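For reference, the structure is listed below as structure tokens.
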Amino acid sequence: MLGDTPSVANLGQRRQEESIPAAITDIGCEREINEDRYAVVDSPAGRAWIVCDGMGGSLGGELAAQLAIDAIRRALESQDFDTGEEALRFAIEEANRIIVLRRQNPAFSSMGTTIVGALIQGDEVVITHAGDSRAYLVRAGEIQQLTVDHTYVQDLVDRGSINAEEALSHPQSHVLTRCLGAEPRLELDAQTFWIWDASDGEAEDRLLLCSDGLYSLVSDSEIAERVTNLTPQEACVQLVELAKQRGGYDNITLAVLPLGGQLHEESAGPSSRPVRRKKHETVRSAVYERRGPRLSLGKRIALMGILLVLGCLVAALFVLFSLNG
Ligand code: CA
Numbered sequence: 092m093l094g095d096t097p098s099v100a101n102l103g104q105r106r107q108e109e110s111i112p113a114a115i116t117d118i119g120c121e122r123e124i125n126e127d128r129y130a131v132v133d134s135p136a137g138r139a140w141i142v143c144d145g146m147g148g149s150l151g152g153e154l155a156a157q158l159a160i161d162a163i164r165r166a167l168e169s170q171d172f173d174t175g176e177e178a179l180r181f182a183i184e185e186a187n188r189i190i191v192l193r194r195q196n197p198a199f200s201s202m203g204t205t206i207v208g209a210l211i212q213g214d215e216v217v218i219t220h221a222g223d224s225r226a227y228l229v230r231a232g233e234i235q236q237l238t239v240d241h242t243y244v245q246d247l248v249d250r251g252s253i254n255a256e257e258a259l260s261h262p263q264s265h266v267l268t269r270c271l272g273a274e275p276r277l278e279l280d281a282q283t284f285w286i287w288d289a290s291d292g293e294a295e296d297r298l299l300l301c302s303d304g305l306y307s308l309v310s311d312s313e314i315a316e317r318v319t320n321l322t323p324q325e326a327c328v329q330l331v332e333l334a335k336q337r338g339g340y341d342n343i344t345l346a347v348l349p350l351g352g353q354l355h356e357e358s359a360g361p362s363s364r365p366v367r368r369k370k371h372e373t374v375r376s377a378v379y380e381r382r383g384p385r386l387s388l389g390k391r392i393a394l395m396g397i398l399l400v401l402g403c404l405v406a407a408l409f410v411l412f413s414l415n416g
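According to my numbering, the sequence shown is numbered sequentially starting from 92.
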């Protein structure tokens with residue numbers, strides 16, 4: 092039928108939609124509040140895309156994520172920076188400082204937030220993160236994780252204590268080793284990339300930023316397939332729906348950013364190579380496996396207390412038996 096053939100105008104509109112970035116956040120199916128936040132900040136340093144995943148009980152997580160977004164916006168908009176990396180680092184350190192200050196209020200003493208951010212200025216892309224929110228590169232149906240989680244299990248994998256498979260079912264898979272709010276001094280990983288024009292017939296890259304509510308329930312290949320074949324808007328909606336069909340136990344947030352070219356590790360020169368790194372064996376959460384909520388600080392302290400008492404009891408029994416023996 093004639094009506095089934097896409098017109099030139101429709102194709103043009105589709106192309107345009109494919110180049111428009113999109114982001115989405117969803118409370119999921121079980122949580123009572125959405126502690127995830129995302130933001131787009133236009134500033135002299137470029138356009139920043141930020142995803143935060145807050146934690147800290149009652150309203151703490153929500154507050155931490157929002158404080159981070161607000162502080163980053165203020166910092167980027169109010170200052171001039173020499174480089175994108177300097178801008179993003181300053182803004183996130185400022186967010187950390189503010190959350191650490193607010194934690195002095197006992198009601199918010201355990202709050203914090205993960206962050207993953209991308210600052211795009213011209214052909215330069217700076218990516219930084221703290222915690223287990225991730226950045227992925229998607230190219231022609233393939234996906235590569237650009238960030239390495241700051242989690243206890245990722246550290247165990249890096250040290251060779253456990254392998255990635257064992258990490259999936261590790262009881263402490265939710266424990267973060269870094270986040271905003273935890274320490275006055277924040278250690279940040281930042282990487283700078285450059286966008287090159289794609290050659291004829293080559294696919295253009297898309298950057299994906301997301302919270303663990305997405306990747307804990309949707310596999311790499313499923314993410315890659317949708318981000319490659321759908322418009323960013325469609326991919327956002329469909330990936331959230333997929334996570335929710337599988338339980339949606341956590342808040343779900345993602346941003347899909349078409350880059351208009353391919354991401355490289357160098358700015359120019361014939362020796363430049365496309366991004367193809369695998370420095371770490373990264374930890375995935377088991378697909379389809381339910382993730383429980385992170386333990387609050389209070390529960391963690393209580394658990395440690397119980398373990399301590401049990402340890403003392405065992406030691407006392409040991410000494411008693413030794414004396415009797
Ligand atoms: Ca989460």
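Glycine residues also receive a C-beta, built at the ideal position from the N, C-alpha and C atoms.
Here the structure is a predicted model, which means the values were calculated and not measured.
Check	Outcome
Residue 342 Cβ short of 7 Å to ligand 3 heavy atom set	Ligand 3 is absent from the structure shown, which contains only ligand 1.
Reference residue 315, options 244, 257, 334 and 235, closest by Cα	235
Residue 132 versus residue 167 - alpha carbon distance	8 Å
Near ligand 1: residue 303 beta-carbon under 7 Å from a heavy atom	yes
Cα-Cα separation between residue 377 and residue 255, rounded to whole angstroms	Annotation note: pLDDT 33 at residue 377 (below 50); position unreliable, coordinate value reported separately. Their Cα atoms are separated by approximately 10 Å.
Alpha-carbon to alpha-carbon, residue 287 and residue 209	17 Å
Reference residue 145, options 134, 239 and 128, closest by Cα	128
Backbone CA spacing between residue 137 and residue 213 [nearest angstrom]	8 Å
Under the three-state DSSP convention, the category residue 382 falls into	Reliability of the predicted coordinates at residue 382 is poor, the pLDDT of 35 falling under 50, and no value is obtained from them.
Under the three-state DSSP convention, the category residue 377 falls into	The pLDDT assigned to residue 377 is 33, lower than 50, so where the model puts this residue is not dependable; a value taken from the coordinates is nonetheless given after this. Note: residue 377 maps to coil in three-state DSSP.
Length-filtered (4 minimum) alpha helix (DSSP H) runs lying within the region 275-359	303-306, 311-320 and 323-336
Reduced DSSP secondary structure (H/G/I, E/B, other) of residue 267	strand
DSSP-derived helix/strand/coil call for residue 239	coil
Inter-residue CB distance, residue 130 and residue 111 (contact presumed, cutoff 8 Å)	Actually they do not touch by this definition, with Cβ atoms about 17 Å apart.
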